[in-house]
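**Student:**
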Amino acid sequence: MRSITDEERRARLGLRHHLAKPAHDPFTIARDLVGLHSSDPATVFLSVWARMRGFETNQLEQALYTDRTLVRMLGMRRTMFVVPAELASVMDRACTRSFYEREERRFHKLLEDHGIAKDGAGWAARVAQAVLDSLYDRGEATAREITEDVPELGLKMRMNVGKNYEGDVGVSTRILYLLATAGRIVRAQPLGTWVSSQYRWAPTDLWLGQPLAELDESAARSQLVDRWLSCYGPGSFDDIKWWTGWGVRDTRAALEAAGAVEVELESGTGFVHASDTESVREPKTWVALLPGLDSTTMGWKERDWYLGGHQEALFDRNGNGGPTVWVDGRVVGGWAHLDSGEVAVRLLEEIDSAAERTIERRALELSSWMGDARLRTRFPVPLEKELKRLPST
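Start counting the sequence shown at 271; every next residue gets the next number (our numbering).
1. Which of the three DSSP states is assigned to residue 248 in this structure?
2. Nearest by alpha-carbon distance to residue 603: which of 609, 610 and 615 is it?
3. Look up residue 438 in the DSSP assignment and say whether it is helix, strand or coil.
4. In its own chain, which residues sit with a C-beta less than 8 Å from the C-beta of residue 613, not counting the 5 before and 5 after it?
5. Skipping 5 residues on each side, what residues in its chain have a beta carbon closer than 7 Å to that of residue 282?
6. Could you have a look at residue 568 and say whether DSSP puts it in helix, strand or coil?
7. Would residue 578 and residue 585 qualify as a contact pair, given that the criterion is a beta-carbon distance under 9 Å?
8. Can you grab the Cα-Cα spacing for the pair residue 524 / residue 611, in whole Å?
9. If I follow the unbroken alpha helix (DSSP H) through residue 649, where does it start and stop?
10. Quick one: what does DSSP say residue 484 is sitting in, helix, strand or coil?
11. Strictly by DSSP, which residues pair up with residue 539?
12. Along the chain, where does the alpha helix (DSSP H) that runs through residue 392 open and close?
13. Let me check understanding here. Comparing Cα to Cα, which of 508, 569 and 490 lies closest to residue 527?
14. Can you name, in chain order, every residue of its own chain whose Cβ lies under 6 Å from the Cβ of residue 500, other than the five neighbours on each side?
15. Could you tell me if residue 336 is buried or exposed, where buried requires 16 or more neighbouring beta carbons within 10 angstroms of its beta carbon?
16. Please state if the CB of residue 345 and the CB of residue 366 are separated by a distance shorter than 9 Å.
17. Check this for me: beta carbons of residue 233 and residue 473, under 9 Å apart or not?
18. Which of the three DSSP states, helix, strand or coil, is assigned to residue 581?
19. What did DSSP end up calling residue 340 once you bin it into helix, strand or coil?
20. So, with DSSP's three-state summary, where would you put residue 643?
21. In the DSSP assignment, what are the bridge partners of residue 469?
22. Please report the residue range of the alpha helix (DSSP H) in which residue 474 lies.
23. Where does residue 554 fall in DSSP's three states?
24. Assuming residue 300 and residue 561 make a contact with CB atoms under 8 Å, what is their CB distance in whole Å?
25. Determine the burial state of residue 376: buried for a count of at least 16 other Cβ atoms within 10 Å of its Cβ, exposed for fewer.
26. Looking at the secondary structure, which residues open and close the alpha helix (DSSP H) in which residue 311 lies?
27. Residue 606 bridges to which residues according to DSSP?
28. Does the separation of the CB atoms of residue 354 and residue 297 fall below 9 Å?
29. Given a cut-off of 9 Å, decide if residue 448 and residue 358 are closer than it, judged by their beta-carbon atoms.
30. With H, G and I counted as helix, E and B as strand and the rest as coil, what does DSSP make of residue 670?
31. On the CB-based measure, 16 or more other CB atoms within 10 Å of its CB, does residue 563 come out buried or exposed?
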């Protein structure tokens, strides 16, 4: 069995995640990372900035909203991703569609429990079709604009009664979520700037020029694992099971169908792509400032080989990774974007002076690139919170 050390894993990470060798365009980055995390809208842009020289936001916006070679959709672990349009059908069938039936049944029951409809399924189907009719007429629209055409979307449901997070959830939120999960609609261009999460909606077939393909579920899972292995391999069985959000049986079947090859890691047994068993050459020294929820940071469940002992400082209690500082495939610190516009860095271990100077330079470059925009991280982590409390220098 081929043995792959942690050092070689870090070399692979640097090369294949465009951190040691920058990419030339946002599409390549999203393709080679099997999607960019988009739960926090700013993450997508900052992830590309970290991997592409001279990047400007309009380059990614053109790929997303003009060329539409990239699309934003719900994917693994119910997480938002920006993925190549060519991968959308695979991700939809391998991951997204499995959420739909359970969420649909839950929504129908909520409608009935709240007295909105005696027949939740019939009511929801009628309103969903009205939403689609509105979007086909308009081309694309915000939830507020669709509600002008479909007043039922304005209804509210009181959720989590008696708990400290009790609150109202709009019917529009649930209907649009279900239509997106079913692959019928996609998030189009946001109302605000590149850090905004208020999206317009559009019918999938109008936005992409065709509906999502109806793929075989098992084949789609095999394709998704094949892509993960090419970018993130080697990884453990638990890494792949966690990243996809699948159960044991589906993960095992997908690995077998993809022809994954077992290798020995310092932490136990792992898997690589069948065409990827040769050693890789260690790249030149590199540093990177990656945003919270970056696809590299969130690429594996077992993270000791690149995160070391920094989990508590750089992740929240729900497992969301914060902004990180990397040197040669290891996380060595974190950063925060302050209200002053400054990018503040804190190192959590000693590094050589050359790398430290490069990190300082990249922090200044990022601060300048951000301009008047201010990063409001959706899931702040302990080190980031601490840095934001410090006075600006």
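The beta carbon of each residue, even a glycine, is placed where N, CA and C say it ideally should be.
**Tutor:** So, to answer that:
1. With the chain covering 271 to 663 only, the question about residue 248 has no answer from this structure.
2. One-based indexing of the sequence shown puts residue 603 at position 333. The option with the nearest alpha carbon to residue 603 is 615.
3. One-based indexing of the sequence shown puts residue 438 at position 168. Of the three classes helix, strand and coil, the one that applies to residue 438 here is strand, per DSSP.
4. Walking along the sequence shown from the start, residue 613 turns up at place 343. Excluding residues up to 5 positions away in sequence, 559, 605, 606, 607, 633, 634, 636, 637 and 640 lie with their Cβ nearer than 8 Å to the Cβ of residue 613 in the same chain.
5. Residue 282 sits at position 12 when you count from the first residue of the sequence shown. 550.
6. The count along the sequence shown starts at 1 and reaches residue 568 at position 298. Assigned with DSSP and collapsed to three states, residue 568 falls in coil, not helix or strand.
7. Taking the sequence shown and counting its residues from 1, one reaches residue 578 at position 308. Taking the sequence shown and counting its residues from 1, one reaches residue 585 at position 315. Cβ distance not < 9 Å, so residue 578 and residue 585 don't count as in contact.
8. Taking the first residue of the sequence shown as position 1, residue 524 is located at position 254. Taking the first residue of the sequence shown as position 1, residue 611 is located at position 341. So the alpha carbons of these two residues sit roughly 45 Å apart.
9. Stepping through the sequence shown from its first residue, residue 649 is reached at position 379. For residue 649, there is no enclosing alpha helix (DSSP H), as DSSP gives it neither H nor E.
10. Position 214 of the sequence shown holds residue 484. Coil, per DSSP.
11. To locate residue 539, count along the sequence shown from 1; it is residue 269. For residue 539, which the question treats as bridged, DSSP gives the partners 534.
12. The residue you call residue 392 lines up with position 122 of the sequence shown. That run of the alpha helix (DSSP H) goes 390 to 408.
13. As a first step, residue 527 is located in the sequence shown; it is residue number 257 there, counting from the start. Of 508, 569 and 490, the residue nearest in Cα terms is 490.
14. The residue labelled residue 500 in the question sits at position 230 within the sequence shown. Closer than 6 Å at the Cβ level, and outside the excluded window around residue 500, lie 543.
15. Stepping through the sequence shown from its first residue, residue 336 is reached at position 66. Classification for residue 336: exposed.
16. Reading the sequence shown from its first residue, position 96 is the one you call residue 366. Reading the sequence shown from its first residue, position 75 is the one you call residue 345. Cβ distance < 9 Å, so residue 366 and residue 345 count as in contact.
17. Missing from the structure shown is residue 233; the chain here goes from 271 to 663 and no further.
18. On the sequence shown, position 311 is the one that residue 581 refers to. Here DSSP, grouped into helix, strand and coil, assigns residue 581 to helix.
19. Translated into positions along the sequence shown, residue 340 becomes position 70. Assigned with DSSP and collapsed to three states, residue 340 falls in strand.
20. Translated into the one-based positions of the sequence shown, residue 643 becomes position 373. Here DSSP, grouped into helix, strand and coil, assigns residue 643 to coil.
21. Taking the sequence shown and counting its residues from 1, the one referred to as residue 469 is at position 199. Note: residue 469 sits in a beta bridge opposite 460.
22. As a first step, residue 474 must be located in the sequence shown, where it is residue number 204. Looking at the DSSP string, the run of the alpha helix (DSSP H) that includes residue 474 is 474 to 478.
23. Looking up residue 554 in the sequence shown gives position 284. It is coil, neither helix nor strand.
24. Counting from 1 along the sequence shown, the entry for residue 300 is found at position 30. Counting from 1 along the sequence shown, the entry for residue 561 is found at position 291. Cβ-Cβ separation between residue 300 and residue 561: approximately 15 Å, too far for a contact (criterion under 8 Å).
25. Residue 376 sits at position 106 when you count from the first residue of the sequence shown. Label assigned to residue 376: exposed.
26. Locating residue 311 in the sequence shown gives position 41, where the first residue counts as 1. Start and end: 311 to 319.
27. Indexing the sequence shown from 1 puts residue 606 at position 336. DSSP output for residue 606 lists 614 as bridge partner(s).
28. The sequence position of residue 354 within the sequence shown is 84, counting from 1. The sequence position of residue 297 within the sequence shown is 27, counting from 1. Less than 9 Å divides the Cβ of residue 354 from the Cβ of residue 297.
29. Along the sequence shown, read from residue 1 onward, the residue named residue 358 stands at position 88. Along the sequence shown, read from residue 1 onward, the residue named residue 448 stands at position 178. No Cβ-Cβ contact shorter than 9 Å links residue 358 with residue 448.
30. An answer regarding residue 670 cannot be provided, because it is not within the stretch 271 to 663 covered by the chain.
31. Counted from its first residue, the sequence shown places residue 563 at position 293. Under a 10 Å Cβ-count criterion, residue 563 is classified as buried, with 16 or more other Cβ atoms of the shown protein chains found around its own Cβ.
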